[in-house]
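Trainee: Counting in the working numbering, the sequence shown tops out at residue 876, every number present.
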Amino acid sequence: MTDHEYHTLADALMLTIEEQIDECDADLDYESASGILEIIFPDRSKIVINKQAPLHQVWVATKFNGHHFELRDDKWIDNRSGAEFWQFMCDAATRQAGQTIEWRSEL
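Below, the structure written as structure tokens:
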């Protein structure tokens, strides 16, 4: 993967989440700047998604733990647990919000 392809894919991943935050039933907010997306929950806790361009990874930090995702066969996969990004994000956001949150990979 080239650096340009990585940035295109990682930016699209973050933009897809940003676009869904306003549609979410939970009272979520977000801040985005310089390759970092912070999803802010009603209790003021956050999930932080951070581009790691030198590694071609996307890092996700929740209030419970951190994960490093890399692209494998067109899916972002956690290199430690093997979890797929979108399912991980649904599970992590639901746990952190205390209510069901569904993220979709495509709008």
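We put the CB at the ideal spot given by N, CA and C, even for glycine. Every value quoted in this text rests on a predicted model; they were computed, and no experiment measured them.
(1) If distances are taken between C-alpha atoms only, which option among Ala795, Asp812, Phe833 and Lys844 comes closest to Gln826?
(2) Can you name the start and end residues of the beta strand (DSSP E) that Phe833 belongs to?
(3) Can we say the stretch 813-827 touches the stretch 779-787, given the rule of at least three CB pairs closer than 8 angstroms?
(4) Evaluate Met770 with the Cβ neighbour count: other Cβ atoms within 10 Å of its Cβ, from every protein chain shown; 16 or more gives buried, anything less gives exposed.
(5) Among all the DSSP beta bridges, which residues are the ones paired with Asp847?
(6) Can you grab the Cα-Cα spacing for the pair Asn834 / Arg873, in whole Å?
(7) In terms of DSSP beta bridges, what is Gln868 paired with?
(8) Tell me where the beta strand (DSSP E) around Asp772 begins and ends.
Mentor: Quick look at the numbers:
(1) Lys844
(2) Note, Phe833: premise wrong, no beta strand (DSSP E); not H, not E.
(3) yes
(4) With fewer than 16 other Cβ atoms within 10 Å, it is exposed.
(5) Phe838
(6) 22 angstroms
(7) According to DSSP, which records beta bridges pairwise, Gln868 is partnered with nothing at all.
(8) Segment Asp772 to Ile790 is the alpha helix (DSSP H) holding Asp772; no beta strand (DSSP E) there.
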